[in-house]
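Here's the structure, in C-alpha cells; my notes come after.
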C-alpha cells in the first residue's frame, strides 16, 4: 500500500484529558512525526478539535484507537495526503 | 502525447470505503506520485470529495476506473495541468 | 518580434472533448511548455474554461486553431505576458 | 513522552503585571525558547491575551503555574504542537 | 535622471489590435524587458486594459506613442517605480 | 531576565513632533535596532500611531520615557516578543 | 541621529507634472535609492498619490521641498522606518 503522509481529523472529545494531553498521546503513536491539535469550538460537555498529523506512513487505526481510548470520537477525516510526495490541495472555482 | 502532471477531480462517493481508503487507492494507481483527498461536503448518502493528484504522467482512465471500482463517480475534472512544466492557474479580472 | 511567454485564455467549449483531452491538445502545441485548464462554469451545452499557457515563445494562432479544431472558441484573451522576462501584473488602487 | 513544541494559550489576566512583564515571565520558564504575548481585548478589570510559546519541549504545568503566580488564569489552550516536527494546522472545507 | 523601472498604465484601446498584439508591441519598445497586458473590462467599442511594464530604464514617451499608434489612449499612469532599486508600494492604514 | 525582542506599542501623540521625528527618537533609544511608526488615525488634537520596535533586548522603560518626553502617551502595548527566538503569533479559531 | 530607511508619504499634487515626472524627481533626491508612486484617487483639480521611498538614510526635508517645488503638498506621513534594520509593521488585534 502507499504511504499515508498527512491526516486532518475532526474529533469530538470530552474536556478531559486536555487538548494538550490528547495531542501528546496522538503524537506518541508510532507512525506519527508531528501532530497539531487546534481547538475549533467547545460547549459544556465536549470540545470539537482538529488534529493535523504528519508522518512518513501514518497508521489511522492506531490513531483512531488512541482517540477512542482517550474518550474521543473521530467525527470525520477531512483531508488525507498519500503517496511518495505530499500534494497540497488545489483551490478551484467550484470551491464554495 | 504530453504528460499530464496534475488533476483536480470532484468526486461523489459513498461513505464506504472511507476517504482514507479511497485516497490510498487513488495514490496507488501507477502513474500517481501523490494524492490528497479533501472532504468538501457530505450528507446521509454520499460524500463530495476533491482529489488533487500529481505525477509525472497521470493516467486518467486508470484513475476514473479506480474511483468507479470504489463505488464513486467522477462528477467533474476541475483542473488539469499538462506539459513539460506544471503551470499555476493565473487569477484574472474576469474571475467571479 | 518579442517572445510571448504567458497567455491566459477564456474559452467556451462543448462538453466533448473533455477538459483533460482539451488541455492535453493545447499543451501539445509546439510553442507550449505547460498548460493548465481550469473549469470556471458549465451548463448543459457548454463549459467555460480558463487555459493558462506558458512557454518561451507561444504561438497564439496555433493555440486558437487548436481550440477551434476541438470545437471550442476563444471568448477572450485575459492576460498576455511578453518580453525577455515574465512580468507579474501589479495590483493598483484602481482595481475594482 | 513526545516533545511539546508549540502552545497557544488564551489567558485572562489583571492589568498588572503588564503584558510585557507577563510575557517576560512566561519566556523565562525553563522549557521556553520564545514567547509572544498579544493583546486581544481588555476592559476595566481584565485583559484577554494570547500567548504563543515555542520551545524544544515545553512544560505546560510550569507555564500554567507561572501564569497563575502572576494573577492570571488559563482560559483555554487553543493550539498544541507536539512531536519530532512542528506541524502547521491545515485549513479544511469544514472550517467555519 | 533616475531610471524608471516599472510602470503600470491604464489604457483604453479599441478591440483591434488584440490585447496580444498590443502587448507584443509594448514589449518591443526598446527600454522594455517585459510587459504584461491584463484585460480589466470591455464593452462593444473599447477594452480597458492594464499594462504592467518593467525594464532597466523605461521610456514613457516611447510607450505612450506606441499605445497611440495602436489606436489606444493612456487613461492614467497608476504606478511608477524609479531609482536604483525597485521599491514595492507599502499598504497603510489610510488605504481605502 | 529574558531578552525582549519585539514590542508593538499603541501611542497617542500630539501633532508635533512629527511621526518622523517621533520614530527617529524611538529608534535612537539604546536597545532599539529598528523602529517603524505607522499612522493609524488622527484628529484635530492627536495622532494615534503604532510603533513596531525590534532589537536584541529592548528596554521598555527607556522607550516609554522617550515617548513621554516627546509629549506622547503609551495607550497600550499590543504585542510583546521575548526569549532566545522571536515567535510569530499564531492565528487560532478563537480569533474574532 | 538614526538612519531613516523608509517613508510612505500621502501627497496631494496637481495633474502636472505627471505622476511619472513627480516620482522621477523624488527618486532623484540624494538620499533616495528607490521611489514608487501610486495613484490613489484623482478629481478634476488634484491627484492623491502615495509615495513609498526607501534609502539608507532618507532626508525628509529634501523630499518635502522637492514635493513642494513640484506644486504638491505632503498631506501626511503614513509610515516611517528608522534604525539599523528596516522593521515591518506588525498587524495587531487592535487594527480596525
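Residue numbers (this note's numbering), protein chains in the order written: chain R, 17 to 112; chain V, 17 to 112; chain A, 17 to 112; chain F, 17 to 112; chain Z, 17 to 112; chain C, 17 to 112; chain U, 17 to 112.
Yeah, the Cβ is synthetic: ideal placement off N, Cα and C, and Gly gets one too.
Quantities reported herein were computed from a predicted structural model and do not represent experimental measurements.
Original post:
Listed in chain order, which residues of the segment 95-109 of chain V have Cβ atoms closer than 8 Å to some Cβ of chain A?
Top reply: 95, 96, 97, 98, 99, 100, 101, 102, 103, 104, 105, 106, 108, 109
Original post:
Just how far apart, CA to CA, sit residue 46/C and residue 88/U?
Top reply: Here residue 46/C refers to the residue found at position 30 of the sixth chain. Here residue 88/U refers to the residue found at position 72 of the seventh chain. Using only the alpha carbons, I get a separation of about 37 Å.
**OP:** Tell me whether the beta-carbon of residue 36/U lies closer than 9 Å to the beta-carbon of residue 83/Z.
**Re:** On the seventh chain, position 20 is the one that residue 36/U refers to. On the fifth chain, position 67 is the one that residue 83/Z refers to. No, the pair does not count as a contact, with Cβ atoms beyond the cut-off.
Subject >> Residues near residue 70/A in its chain [Cβ-Cβ closer than 7 Å; skip 5 each side] >> reply: For the purposes of this step, residue 70/A is taken as residue 54 along the third chain, with counting starting at 1. Closer than 7 Å at the Cβ level, and outside the excluded window around residue 70/A, lie 21, 22, 49, 50.
Original post:
Below 8 Å, can you find three or more Cβ-Cβ pairs linking the segment 102-111 of chain A to the segment 50-69 of chain F?
Top reply: Fewer than three pairs of CB atoms, one per stretch, sit closer than 8 Å, so the segment 102-111 of chain A makes no contact with the segment 50-69 of chain F.
Original post:
Between residue 99/A and residue 19/Z, is the Cβ-Cβ spacing less than 9 Å?
Top reply: Position 83 of the third chain, counted from the start, is the residue given in the question as residue 99/A. Position 3 of the fifth chain, counted from the start, is the residue given in the question as residue 19/Z. For residue 99/A and residue 19/Z, no; Cβs fall outside 9 Å.
Original post:
Quick one: Cα of residue 105/A to Cα of residue 90/Z, how far?
Top reply: Position 89 of the third chain, counting from 1, holds the residue named residue 105/A. Position 74 of the fifth chain, counting from 1, holds the residue named residue 90/Z. Whole-angstrom Cα-Cα distance: 17 Å.
Subject >> Complete beta strand (DSSP E) runs within the segment 25-79 of chain Z (minimum length 3 residues, chain order) >> reply: 50-58, 62-70
Original post:
Within the 9 Å Cβ cut-off, does residue 20/V reach chain A?
Top reply: As a working mapping, residue 20/V is identified with position 4 in the second chain. It does; some Cβ of chain A falls within 9 Å.
Subject >> Cα-Cα separation between residue 131/Z and residue 102/C, rounded to whole angstroms >> reply: As displayed, chain Z neither begins before 17 nor continues past 112, which places residue 131/Z out of reach and without an answer.
Original post:
Under 7 Å Cβ-Cβ, which residues of chain U neighbour residue 92/Z?
Top reply: Taking the fifth chain and counting its residues from 1, one reaches residue 92/Z at position 76. Per Cβ cutoff of 7 Å: 55.
Subject >> Beta-carbon proximity list for residue 31/R, same chain, < 7 Å, skipping 5 on both sides >> reply: The residue labelled residue 31/R in the question sits at position 15 within the first chain. Short of 7 Å from the beta carbon of residue 31/R, and not among the five residues preceding or following it, lie these beta carbons of its own chain, in chain order: 63.
Original post:
Quick one, which residues of the segment 33-52 of chain Z are near chain A if we go by CB-CB under 7 Å, in chain order?
Top reply: 34, 35, 36, 39, 40, 43, 44, 48, 49, 50, 51, 52
Subject >> Cβ-based neighbour list, residue 80/Z, same chain, cut-off 6 Å, excluding 5 preceding and 5 following >> reply: Taking the fifth chain and counting its residues from 1, one reaches residue 80/Z at position 64. The residues are 90.
Original post:
With burial defined as no fewer than 16 other Cβ atoms inside 10 Å of the residue's Cβ, what is the status of residue 41/V: buried or exposed?
Top reply: Working through the second chain from its first residue, we reach residue 41/V at position 25. Label assigned to residue 41/V: buried.
Subject >> Through-space distance from residue 29/U to residue 65/U, alpha-carbon basis >> reply: On the seventh chain, position 49 is the one that residue 65/U refers to. On the seventh chain, position 13 is the one that residue 29/U refers to. Put simply, the backbone Cα of residue 65/U is about 8 Å away from that of residue 29/U.
Original post:
Hey, quick one: how far does the beta strand (DSSP E) through residue 104/R stretch, first residue to last?
Top reply: Numbered from its first residue, the first chain carries residue 104/R at position 88. No residue range can be given for residue 104/R, since it is assigned to no beta strand (DSSP E) and is classified by DSSP as neither H nor E.
**OP:** For residue 96/C, name the three-state secondary structure that DSSP assigns.
**Re:** On the sixth chain, residue 96/C is found 80 positions in, with the first residue counted as 1. In the three-state scheme derived from DSSP, where H, G and I count as helix and E and B as strand, residue 96/C is classed as strand.
Original post:
For residue 89/R, which beta-bridge partners are listed by DSSP?
Top reply: Along the first chain, one-based indexing puts residue 89/R at 73. According to DSSP, which records beta bridges pairwise, residue 89/R is partnered with 28/R.
Original post:
Do residue 92/Z and residue 58/U have their CB atoms nearer than 9 Å?
Top reply: Here the question's residue 92/Z lines up with position 76 in the fifth chain. Here the question's residue 58/U lines up with position 42 in the seventh chain. Cβ distance < 9 Å, so residue 92/Z and residue 58/U count as in contact.
Original post:
What's the C-alpha gap between residue 17/R and residue 75/V?
Top reply: Working through the first chain from its first residue, we reach residue 17/R at position 1. Working through the second chain from its first residue, we reach residue 75/V at position 59. Rounded to the nearest angstrom, the two C-alpha atoms are 19 Å apart.
Original post:
How many Å lie between residue 33/V and residue 94/R at the Cα?
Top reply: As a first step, residue 33/V is located in the second chain; it is residue number 17 there, counting from the start. As a first step, residue 94/R is located in the first chain; it is residue number 78 there, counting from the start. Near 14 Å, if we compare the C-alpha coordinates of residue 94/R and residue 33/V.
Original post:
Measuring CB to CB, does residue 38/U end up less than 9 Å from residue 24/U?
Top reply: Within the seventh chain, numbered from 1, the residue matching residue 38/U stands at position 22. Within the seventh chain, numbered from 1, the residue matching residue 24/U stands at position 8. Cβ atoms of residue 38/U and residue 24/U: not closer than 9 Å.
**OP:** Measure the alpha-carbon distance for residue 78/A versus residue 52/Z and round it to whole angstroms.
**Re:** For the purposes of this step, residue 78/A is identified with residue 62 of the third chain, where counting begins at 1. For the purposes of this step, residue 52/Z is identified with residue 36 of the fifth chain, where counting begins at 1. Approximately 21 Å between the Cα atoms of the pair.
Original post:
Residues of chain R with a CB under 7 Å from the CB of residue 85/V: which are they?
Top reply: Translated into positions along the second chain, residue 85/V becomes position 69. Around residue 85/V, no beta-carbon contact reaches into chain R at under 7 Å, the shortest distance being about 16 Å.
Subject >> Beta bridge counterpart(s) of residue 22/V as assigned by DSSP >> reply: On the second chain, position 6 is the one that residue 22/V refers to. In DSSP, residue 22/V forms a bridge with 70/V, 97/V.
**OP:** Note down the Cα distance separating residue 56/F from residue 73/F, rounded to an integer number of angstroms.
**Re:** The residue you call residue 56/F lines up with position 40 of the fourth chain. The residue you call residue 73/F lines up with position 57 of the fourth chain. Roughly 26 Å between the two C-alpha positions.
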